[in-house]
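Novice:
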Amino acid sequence: MLKKVTVGPVGYMPRSAPEMGVELSEEGMALLYGEQVSEEEAMRDAARAMLTEDNPTIFPGPQVLWDWKDDVAEKAAAILELAAEIPNCKIIPMPDYRPKYPMIDVKAEINPNHPNLTILDNKIKACIFVGVHCHYANLSLRMIRAGAECYTIALCAY
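Just so we're aligned: 171 in the working numbering is position 28 of the sequence shown, and the numbers increase by one with no gaps anywhere.
1) Give the straight-line distance between the Cα atoms of Glu169 and Gln179, rounded to the nearest whole angstrom.
2) Express the C-alpha separation of Cys299 and Gln280 in angstroms, rounding to a whole number.
3) How would you write the range of the alpha helix (DSSP H) that Leu260 sits in, first residue to last?
4) Per the contact definition of three or more C-beta pairs closer than 8 Å, is the stretch 263–280 in contact with the stretch 203–214?
5) Following the continuous alpha helix (DSSP H) through Leu208, name the residue where it begins and the one where it ends.
6) What do you reckon, are the CB atoms on Pro199 and Ala269 nearer than 8 Å?
7) DSSP state of Cys270, grouped into three classes?
8) If you compare alpha carbons, which of Gly177, Ala227, His257 is closest to Ile296?
9) Which residue's Cα is closest to the Cα of His278: Asn265, Asp239, Thr261, Ala221?
10) For Leu167, which residues in the same chain have their Cβ closer than 7 Å to its Cβ, ignoring the five residues on either side in sequence?
Following this line, the structure appears as structure tokens:
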């Protein structure tokens with residue numbers, strides 16, 4: 144498989160995925176390293192990473208942290224079940240993952256909403272962002288890829 148997008152670190156100011164020719168996936172498909180693949184293939188690759196990489200972590204975002212819609216409680220329960228199946232999996236709620244400047248001290252913040260710094264500080268090598276807004280996920284994924292060696296999954300259009 145040709146990998147348009149790779150696991151970082153790729154350095155300061157990496158090219159955005161669209162700039163590298165990555166387009167949104169069609170319905171029923173997923174993006175894996177910038178290429179469209181079946182959802183099953185993407186989930187198998189994500190499962191492998193979450194089961195084999197160090198410090199697997201799930202970051203629930205605002206769309207699954209509050210019971211604001213009929214199906215949210217069911218999705219939140221599924222996230223807890225998933226975490227229970229992954230050895231040593233942590234859950235770090237991320238109700239607001241927009242970057243905050245100036246730089247923050249991740250250990251001092253009650254809500255460490257700087258995803259890339261949280262990943263670096265916790266030495267996370269595989270993570271899932273679930274219940275995040277696609278337009279913010281794109282920015283966060285780019286920041287993570289810039290400086291962290293972390294296999295990152297974003298489930299934003301669930």
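Where a beta carbon is used, it is the ideal one built from N, C-alpha and C, also for glycine.
Specialist: Taking the definition as stated:
1) CA-CA distance, Glu169 to Gln179, rounds to 8 Å.
2) For clarity, residue 280 is Ala in the given sequence; the question names Gln instead. The alpha-carbon of Ala280 is positioned some 7 Å away from that of Cys299.
3) Boundaries of the alpha helix (DSSP H) around Leu260: 258–264.
4) Between the stretch 203–214 and the stretch 263–280 there are three or more C-beta pairs closer than 8 Å, enough to call the two in contact.
5) Annotation for Leu208: the continuous alpha helix (DSSP H) segment containing it runs 205–208.
6) Closer than 8 Å, so yes.
7) Three-state result, Cys270: strand.
8) Looking at the Cα atoms, Gly177 is the closest of the given residues.
9) With distances taken between Cα atoms, His278 lies closest to Asp239.
10) Hits under 7 Å: none found.
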